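J.: Going line by line, the protein sequences match chains A and B.
So in our numbering, spot 50 of the first sequence is number 977, and the numbers just go up one at a time.
So in our numbering, spot 107 of the second sequence is number 362, and the numbers just go up one at a time.
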Amino acid sequence: MEKKVIVSLKNVYFNRNGISVLEDINLSIESNDLMAIMGPNGGGKTTLLELILGLEKPLKGEVLVFGKTPGKSRNIIGYLQQNPTIDLDFPACIFDVVLMGRYRKLAGGFGKDDISAAGEALKKVGMFELKDRHISQLSGGQLQRVLIARAIARDPKLLLLDEPLNSIDPEMQEYIYKLLLELRKEMAVVYVTHDIGAIPAYVEKIACVNRKLFYHGPKEGSLGKLAEAYKCPVEIVAHGIPHRILGRHKK
Amino acid sequence: MTDLLSYEFIRNALIAAVLVNIACGIVGTYVVIKRIVFISGGISHAAFGGIGLGYYAGIDPVMTAIPFTLFSAMAMGILSKKAKINEDAAIGIFWAAGMALGILFLNLAPGYAPDLFSYLFGNILTVPVYELYIMGALDLIIIITVAIFHREFSSISFDEEFSLAIGIPVRMIYLVMLGMVALSVVVMIRVVGVILIIALLTIPATICRQFTFKIRNLIACSIATGIVFTIGGLIISYFADLAPGATIILLLTAALGISYFVKKIKIILWKYM
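Next up, the structure:
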């Protein structure tokens, strides 16, 4: 498959309330990438996604998304924010929530293709059977899957997931990884995590962000350097639990 | 009962009950699910300034209340989202300032001091015919607005951050929503008065949301509930010689309590039967 650059950040700086959040970031994302953006809390990972979405403007530097300024390509980007501030009392069933992801333009309506796309997205995350349930009748992991379905219902070319594994038990984490692996056949998948344990065997690219971009490139052969020289994934040491990070050996 | 219907003011009151609850059921649903009850309270009280302005200028208070309330709603919506101003404080200030302006305008108004009570607490029995037309027109504007923007309203009520990310002009849609609140407030002033508006706006939707999770059904149920209890309150107030606005609101409050009870019993029956 031919790869092409779909997102590029060149010498990007960002300040929030006068405090430097990101400095001199150079990063590119290619089509069908499966990339993990890691770094400690407060390291600017979420801001990076917000710059790509066009929700924030860089102080300096250039951000190009599908060759255009960010915000122009929202119809082909799927997004799952960190700890979504949703109201579980809200009158909507699961299907209604996923359908919201099909929104394209002001003052329109949802058509047949939107309804079938929402159904497809629910099937992909394995939640189609529960589509008529109210959102308050879901577990945390199920809700997360519904929100991922909402993001992929847009038929995005780029899927941005901010801490998709927060408050999800290990079994469900495995499920979501497999899902991401499946999705990257159709789109570039970029996900943010503060947890080094959340870098599974099949992620091939990582970007390590802590105000600056400390590492950006293929995963294999880089982890030793990461931990020592770039101070970024401190958790590797601090966790004390053996995590599988490199590719699984054949038995 | 048929005797009652022969009075024009009773017939007008019944029409007003229907028109008011169309606005209330639609807008109230969004007020409850978007959790903008407090800002809606602010808008309804600020409307009193518009009423006062009408008396001062010698024109129909409803005609001045429309632009005044819309303006206050926009100002509250814009100021309360500014980072430097606390949202609660901004709403509270407009709430009180609008009322104060209304009182001053009434003080300054030439001639006979108008019946303040009917604007503070409402009187559905005194709605003049031409105001029914105004109410109908405002209802129509509200219905059309919701027909156009219902997807945006749902989306920003459910998840503002995601709405921004998928390209919904969240700020603008929020202001449109507040504009609808302003129009519904004007529709309601005559019937329940500025002080009781917030109850009529929120109680029917709060009762109904226990029984449905489809927004369309929620709106329909809120309108029906509102109409039943407004007319019920009207009948009770007529025979018991009570203030209609307050009677309607207390009846609705009692209905809310009973509905909680019914819901509880339903859950218990469902569990053990």
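Where a beta carbon is used, it is the ideal one built from N, C-alpha and C, also for glycine.
Predicted model, so just to flag it, every value in this text is computed and none were measured.
With a CB to CB cut of under 7 Å and the five nearest residues on each side skipped, what residues in its chain are close to Ala1019 (chain A)?
T.: So the qualifying residues of the chain are Ile1062.
J.: Does Pro985 (chain A) come within less than 9 Å of chain B when only Cβ atoms are used?
T.: For Pro985 (chain A), the answer is no, since every Cβ of chain B falls outside 9 Å of its Cβ.
J.: By Cβ distance below 7 Å, which residues in the same chain neighbour Ser409 (chain B) in space, the five residues on each side in sequence not counted?
T.: Excluding positions up to five away in sequence, the list reads Ile470.
J.: Between A:Leu982, A:Leu961, A:Leu991, which has its C-alpha nearest Ile952 (chain A)'s C-alpha?
T.: The shortest C-alpha separation from Ile952 (chain A) is found at A:Leu991.
J.: Ignore the nearest five residues each way along the sequence and tell me which others in Val1052 (chain A)'s own chain have a CB closer than 6 Å to its CB.
T.: For Val1052 (chain A), where only same-chain residues beyond five positions count, the Cβ hits under 6 Å are Arg1072, Ile1075, Ala1076.
J.: Taking Val441 (chain B) as the reference, which of B:Thr381, B:Met331, B:Gly280, B:Phe323 has the closest Cα?
T.: With distances taken between Cα atoms, Val441 (chain B) lies closest to B:Phe323.
J.: Interface residues of chain B around Met1027 (chain A) at Cβ under 9 Å?
T.: What Met1027 (chain A) touches in chain B: Arg406, Ser409, Ser410, Phe413, Asp414, Phe417, Ser418, Ile421.
J.: At a CB-CB cut-off below 9 Å, which residues of chain B make contact with Gln1008 (chain A)?
T.: By Cβ distance, chain B contributes Asp414, Glu416, Phe417, Ala420.
J.: Specify the secondary structure class of Gly481 (chain B) as computed by DSSP and reduced to three states.
T.: Helix at Gly481 (chain B).
J.: Closest to Thr319 (chain B) by CA distance: which of B:Asn267, B:Ser439, B:Gly391, B:Gly309 is it?
T.: Selected option, being the one with the closest Cα: B:Gly309.
J.: Using CA coordinates, which residue listed in B:Gly366, B:Ile403, B:Leu269 is at the minimum distance from Ile428 (chain B)?
T.: Comparing Cα positions, the closest option is B:Ile403.
J.: Closer than 8 Å by beta-carbon distance: list the chain A residues that pair up with Thr467 (chain B), in chain order.
T.: What Thr467 (chain B) touches in chain A: Pro1018.
J.: Closer than 8 Å, Cβ to any Cβ of chain A: which residues of the region 454-478 of chain B, in chain order?
T.: Against chain A - using a Cβ distance shorter than 8 Å - the residues of the region 454-478 of chain B are Arg464, Thr467, Phe468, Lys469, Ile470, Leu473.
J.: Under 7 Å Cβ to Cβ from Gly487 (chain B), same chain only, skipping five residues before and after it: list those, please.
T.: The residues are Leu506.
J.: Quick one: using the 10 Å Cβ neighbour count with 16 as the cut-off for buried, is Trp204 (chain B) buried or exposed?
T.: Outside the displayed range of chain B (256 to 528) lies residue 204 (chain B), so it cannot be described from this structure.
J.: Give me the chain B residues within the contact set of Ile1013 (chain A), using Cβ-Cβ distance strictly less than 7 Å, ordered along the chain.
T.: Simply Phe413, Asp414.
J.: Is the CB of Pro290 (chain B) under 9 Å away from at least one CB in chain A?
T.: Here the sequence assigns Arg to residue 290 (chain B), which means Pro is not the residue at that position. It does; some Cβ of chain A falls within 9 Å.
J.: Output yes if chain A places a C-beta closer than 9 Å to the C-beta of Ile522 (chain B); else output no.
T.: Closer than 9 Å: no.
J.: Which two residues bound the contiguous beta strand (DSSP E) that contains Thr319 (chain B)?
T.: Per DSSP, Thr319 (chain B) belongs to no beta strand (DSSP E); it is in the alpha helix (DSSP H), 316-335.
J.: When the Cα of Ala460 (chain B) is compared with those of B:Val275, B:Ala271, B:Ile288, which residue comes out closest?
T.: It is B:Ile288.
J.: Count the C-beta pairs between the region 298-305 of chain B and the region 353-364 of chain B that are closer than 8 Å, then say yes if the count reaches three, no if not.
T.: Result yes; three or more Cβ-Cβ pairs closer than 8 Å.
J.: Contact check, Ser418 (chain B) vs Val282 (chain B) under 8 Å by CB: the rounded distance?
T.: With 8 Å as the limit, Ser418 (chain B) and Val282 (chain B) do not qualify as a contact, their Cβ atoms being about 20 Å apart.
J.: Identify every residue that forms a DSSP beta bridge with Cys1020 (chain A).
T.: Answer is A:His1061.
J.: Could I get the ranges of all uninterrupted alpha helix (DSSP H) runs contained in the region 1092-1121 of chain A, with 4 residues as the minimum, in chain order?
T.: As far as the region 1092-1121 of chain A is concerned, its whole alpha helix (DSSP H) runs of at least 4 residues are 1097-1110.
J.: Just to confirm my understanding: we take Glu1047 (chain A), look at its own chain, exclude 5 residues before and 5 after, and list those with CB closer than 6 Å. What are they?
T.: Closer than 6 Å at Cβ, skipping near neighbours: no residue.
J.: For Leu260 (chain B) and Ile270 (chain B), I'd like the C-alpha separation in whole angstroms.
T.: Rounded to whole angstroms, Leu260 (chain B) to Ile270 (chain B) spans 11 Å at the Cα level.
J.: Do Ile346 (chain B) and Ser335 (chain B) have their CB atoms nearer than 9 Å?
T.: Cβ atoms of Ile346 (chain B) and Ser335 (chain B): closer than 9 Å.
J.: Which chain B residues sit within Cβ distance under 7 Å of Ala1034 (chain A)?
T.: In chain order: Ile403, Phe404.
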